[in-house]
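Chemist: Mind looking over this structure? Questions follow.
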Amino acid sequence: MASSEEDGTVEEKENNNKKRTKSALVTAWLTFYNIAMTAGWLVLAITMMRFYIQRGTHKGLYRSIARTLKFFQTFALVEVGHCAIGIVKTSVIVNGVQVCSRIFMVWFVTNSIRQIQNEESVILFLVVWTVMEISRYSYYTFSLLHHLPYFIKWARYNFFIVLYPLGVAGELLTIYAALPFVRRSGMYSMRLPNKYNVSFDYYYCLIIVMLSYIPLFPQLYLHMLRQRRRVLHGEVIVEKDE
Amino acid sequence: MKRVEILDAKTKDKLCFLDKVEPNATIGEIKSMFHKSHPQWYPARQSIRLDPKGKSLKDEDVLQHLPVGTTATFYFRDLGAQISWVTVFLTEYTGPLVIYLMFYFRVPFIYASKYDFTTSKHWVVHLACMCHSFHYVKRLLETLFVHRFSHGTMPLRNIFKNCTYYWGFAAWMAYYINHPLYTPPIYGEQQIRLALIIFLFCQIGNFSIHIALRNLRPPGSKTRKIPYPTKNPFTWIFLLVSCPNYTYELGSWLGFTLMTQCLPVAFFTLVGFVQMTVWAKGKHRSYLKEFRDYPPLRSPILPFIL
Numbered sequence: 001m002a003s004s005e006e007d008g009t010v011e012e013k014e015n016n017n018k019k020r021t022k023s024a025l026v027t028a029w030l031t032f033y034n035i036a037m038t039a040g041w042l043v044l045a046i047t048m049m050r051f052y053i054q055r056g057t058h059k060g061l062y063r064s065i066a067r068t069l070k071f072f073q074t075f076a077l078v079e080v081g082h083c084a085i086g087i088v089k090t091s092v093i094v095n096g097v098q099v100c101s102r103i104f105m106v107w108f109v110t111n112s113i114r115q116i117q118n119e120e121s122v123i124l125f126l127v128v129w130t131v132m133e134i135s136r137y138s139y140y141t142f143s144l145l146h147h148l149p150y151f152i153k154w155a156r157y158n159f160f161i162v163l164y165p166l167g168v169a170g171e172l173l174t175i176y177a178a179l180p181f182v183r184r185s186g187m188y189s190m191r192l193p194n195k196y197n198v199s200f201d202y203y204y205c206l207i208i209v210m211l212s213y214i215p216l217f218p219q220l221y222l223h224m225l226r227q228r229r230r231v232l233h234g235e236v237i238v239e240k241d242e
Numbered sequence: 001m002k003r004v005e006i007l008d009a010k011t012k013d014k015l016c017f018l019d020k021v022e023p024n025a026t027i028g029e030i031k032s033m034f035h036k037s038h039p040q041w042y043p044a045r046q047s048i049r050l051d052p053k054g055k056s057l058k059d060e061d062v063l064q065h066l067p068v069g070t071t072a073t074f075y076f077r078d079l080g081a082q083i084s085w086v087t088v089f090l091t092e093y094t095g096p097l098v099i100y101l102m103f104y105f106r107v108p109f110i111y112a113s114k115y116d117f118t119t120s121k122h123w124v125v126h127l128a129c130m131c132h133s134f135h136y137v138k139r140l141l142e143t144l145f146v147h148r149f150s151h152g153t154m155p156l157r158n159i160f161k162n163c164t165y166y167w168g169f170a171a172w173m174a175y176y177i178n179h180p181l182y183t184p185p186i187y188g189e190q191q192i193r194l195a196l197i198i199f200l201f202c203q204i205g206n207f208s209i210h211i212a213l214r215n216l217r218p219p220g221s222k223t224r225k226i227p228y229p230t231k232n233p234f235t236w237i238f239l240l241v242s243c244p245n246y247t248y249e250l251g252s253w254l255g256f257t258l259m260t261q262c263l264p265v266a267f268f269t270l271v272g273f274v275q276m277t278v279w280a281k282g283k284h285r286s287y288l289k290e291f292r293d294y295p296p297l298r299s300p301i302l303p304f305i306l
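Structure, rendered in structure tokens:
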């Protein structure tokens, strides 16, 4: 009996040490990740501002930041992994939906449909995304470093109230503008007959994507409002499944 | 004689006080008594537990065998509107049967009007319709005469979720298989014959497993026993797999995919496989927890692999 108890405590100490080194490693990685993402979006913001100040027009702005945008927005997929393995306490689904909609916009709309790259709606959502991501990543960075200035917390949990709907408007207007070009070119589409016995019409797919904003956006928006009430006002919100 | 008080699990309000309760009363009987004072909460939607965040007590549990004093305190949680498993199964299986036939007979407004009520010139399309219909008729008959359900009901919202899944996929598959521009399998008759053999083999297998599982459980009971191979060779797969009904189901749909060479069917097979694997792993885990002598060679759904 006694010896097994001893073994137990030795194992426990080893496990505690393992947990401590693991969580130090995890914190280090997350801090590095969030600093890198803050920096990346800051670079995007500054490049966009410089372009506009120097040229006086938004035409060609997207092309100038396209590669940086694609890199940093795609890298955000890593966050879904963070949620999945539990080192970040956000739901995989909430985070997954947000990241996927961004990836979809960047790779399957603005990247592939060149004719809409100079639309004003593109600039609208780029500006929104940039402001939101800089406030979000700097919030995470400062939280991890345990030195969170109140104005960063304020920004992260208040900007979205106006920016979220503006961003959605920019995205929807962009997809809408892209529709005629998709229809004309028949891109990403497959017609019958073919040996897989399937068809796919990217034009209707985009329309369905636009319609899906109707159920999805209010849910994400309300989720953020609930988070805001909890973080800024300390209210305890009882979720449905508790 | 015992006293029973029922509190709300979330607010801890006193909902019900039962004065003279027999010590050998079951939770099921207590639920009926609770239902009398709160008619909107029929027994099927009551979850009664000893601890507000604990597991639900079973209807068969007897009051005096529970760790309670002379006054038993239970916590109640509303499970929401309930619907019977039989109703859900019948609804979700009748849909695909009817929907597929609508596409097969090329009912108006699906394809171009010149094709209304015409029939496909490919015999594999007729075969596919027979197989698909047979599969769902079999499921309906099994629901009515074979299956013995552990739970009487499930939450009402499940019927909408399940019907969307089954009916949606049935329409998507049927649209392409019965389309005037359908392309028959590349390897023609050989491919179709092999697919049919696989399909029929797995249908018989799946049925055999359902019968074997039914025979484990006497009528009206909810006992759980380890299933073992019987004289029927189709049940010998129990040596290697915990949930061979799912294994055979996967096989049937793989056969149907091969028969129709239709990507939506492959997709449906894949999604079904993922869901069945989740279920099989859960069932396998409960078998291991409940039975210490559970055969170690068995895998949840695919022999040795998964």
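Heads up: the protein sequence lines correspond to chains A and B, in order.
According to the UniProt record's numbering, the first sequence is numbered sequentially starting from 1.
According to the UniProt record's numbering, the second sequence is numbered sequentially starting from 1.
For glycine and all other residues, C-beta sits at the position ideal for the given N, C-alpha and C.
1) From the DSSP secondary-structure annotation, give me the bridge partner or partners of B:Met154.
2) If I follow the unbroken alpha helix (DSSP H) through A:Thr68, where does it start and stop?
3) Please identify, using Cβ separations under 9 Å, the residues of the stretch 197-229 of chain A that lie next to chain B, in order along the chain.
4) Buried or exposed: A:Ser135, going by 16 or more other Cβ atoms within 10 Å of its Cβ?
5) With B:Tyr136 as the anchor, note down where its alpha helix (DSSP H) starts and where it stops.
6) Can you tell me whether B:Ile226 is helix, strand or coil according to DSSP?
7) At which residues does the beta strand (DSSP E) containing B:Phe76 begin and terminate?
8) Please report the distance separating the alpha-carbon of A:Thr74 from that of B:Arg106.
9) Comparing alpha-carbon positions, which option in B:Ser113, B:Leu213, B:Val62 lies nearest B:Glu22?
10) Check distances from the C-beta atoms of the stretch 182-197 of chain A to those of chain B and list, in chain order, the residues that come in under 7 Å.
11) For B:Glu5, name the three-state secondary structure that DSSP assigns.
12) Apart from the five residues on each side of it in sequence, which residues of its chain come closer than 7 Å, Cβ to Cβ, to B:Phe117?
13) Do you know whose CA, among B:Pro300, B:Phe89, B:Gly255, B:Met259, lies nearest B:Tyr187's CA?
14) Quick one: list the residues of chain A neighbouring B:Pro264, beta-carbon separation under 8 Å, in chain order.
15) By alpha-carbon positions, which one of B:Lys14, B:Ser84, B:Gly282 ends up nearest to B:Asn158?
16) Determine, using beta-carbon pairs with one atom in the stretch 238-248 of chain B and one in the stretch 278-293 of chain B, whether at least three such pairs fall under 8 Å.
17) Applying the 10 Å Cβ sphere with the 16-neighbour rule, what's the burial state of residue 261 of chain A?
18) Suppose you measure from the CA of B:Val98 to the CA of A:Gly234; what does that come to, to the nearest Å?
19) Starting from B:Cys16, follow the beta strand (DSSP E) in both directions and report where the run begins and ends.
20) Which chain A residues are close to B:Tyr182, counting only those with a beta carbon under 9 Å from its beta carbon?
21) So, at 6 Å on beta carbons, what are the nonlocal neighbours of A:Ser121 in its own chain, with the 5 sequence-adjacent residues on each side left out?
22) Got a sec: which bits of the stretch 176-204 of chain B sit with their beta carbon under 8 Å from any beta carbon on chain A, in order along the chain?
23) Buried or exposed: B:Ala81, going by 16 or more other Cβ atoms within 10 Å of its Cβ?
24) Buried or exposed: which applies to B:Glu290, given that a residue is buried once 16 or more other Cβ atoms fall within 10 Å of its Cβ?
25) Tell me the DSSP bridge mates of A:Met49?
26) One question on the structure: do A:Ile85 and A:Ala177 come within less than 7 Å of each other, judged by their Cβ atoms?
27) Starting from B:Ile209 and walking both ways along the alpha helix (DSSP H), at which residues does that stretch end?
28) According to DSSP, simplified to helix, strand and coil, what is A:Ile152?
29) What do you get for A:Cys100, buried or exposed, if any count of 16 or more other CB atoms within 10 angstroms of its CB means buried?
30) Can you tell me whether B:Asn24 is buried or exposed, with buried defined as 16 or more other CB within 10 angstroms of its CB?
31) Just to make sure I have the definition right: I need the residues of chain A whose C-beta is within less than 8 Å of the C-beta of B:Gln261. Which are they?
Modeler: The structure says:
1) Answer is B:Ile83.
2) Counting along the chain, the alpha helix (DSSP H) containing A:Thr68 begins and ends at 61-75.
3) If you check each beta-carbon in the stretch 197-229 of chain A against every beta-carbon of chain B, the ones closer than 9 Å belong to Asn197, Val198, Ser199.
4) Residue environment for A:Ser135: buried (at least 16 other C-beta atoms within 10 angstroms of its C-beta).
5) Looking at the DSSP string, the run of the alpha helix (DSSP H) that includes B:Tyr136 is 123-145.
6) Coil at B:Ile226, not helix or strand.
7) Looking at the DSSP string, the run of the beta strand (DSSP E) that includes B:Phe76 is 71-78.
8) Rounded to the nearest whole angstrom, the CA to CA distance from A:Thr74 to B:Arg106 is 45 Å.
9) For B:Glu22, the nearest C-alpha among the options comes from B:Val62.
10) Those residues of the stretch 182-197 of chain A that come within reach of chain B (Cβ to Cβ, closer than 7 Å) are Leu192, Pro193, Asn194, Lys195, Tyr196, Asn197.
11) Assigned with DSSP and collapsed to three states, B:Glu5 falls in strand.
12) Counting only Cβ-Cβ distances below 7 Å, and skipping sequence neighbours, we find Phe105, Arg106.
13) Cα-wise, what sits closest to B:Tyr187 is B:Met259.
14) Near B:Pro264 (Cβ distances below 8 Å), the residues of chain A are Asn197, Val198.
15) Nearest C-alpha to B:Asn158 among B:Lys14, B:Ser84, B:Gly282: B:Ser84.
16) Touching, per the Cβ criterion.
17) No information on residue 261 of chain A is available, as it lies outside the stretch 1 to 242 that chain A covers here.
18) Cα to Cα, B:Val98 sits roughly 53 Å from A:Gly234.
19) B:Cys16 -> beta strand (DSSP E) spans 14-21.
20) What B:Tyr182 touches in chain A: Leu192, Pro193, Asn197.
21) Counting only Cβ-Cβ distances below 6 Å, and skipping sequence neighbours, we find Gly170, Leu173, Thr174.
22) Residues Tyr176, Ile177, His179, Leu181, Tyr182, Thr183, Ile186.
23) With fewer than 16 Cβ atoms within 10 Å of its Cβ, B:Ala81 is classed as exposed.
24) Counting Cβ neighbours within 10 Å, B:Glu290 comes out exposed, since fewer than 16 surround it.
25) Answer is none; A:Met49 lacks a bridge partner.
26) No, the Cβ-Cβ distance between A:Ile85 and A:Ala177 is not below 7 Å.
27) Where B:Ile209 is concerned, the enclosing alpha helix (DSSP H) stretches over 188-215.
28) Helix at A:Ile152.
29) That one is exposed.
30) Sixteen is the threshold: since fewer than 16 other Cβ atoms of the shown chains lie within 10 Å of the Cβ of B:Asn24, the residue is exposed.
31) Residues of chain A passing the Cβ test: Lys195, Tyr196, Asn197.
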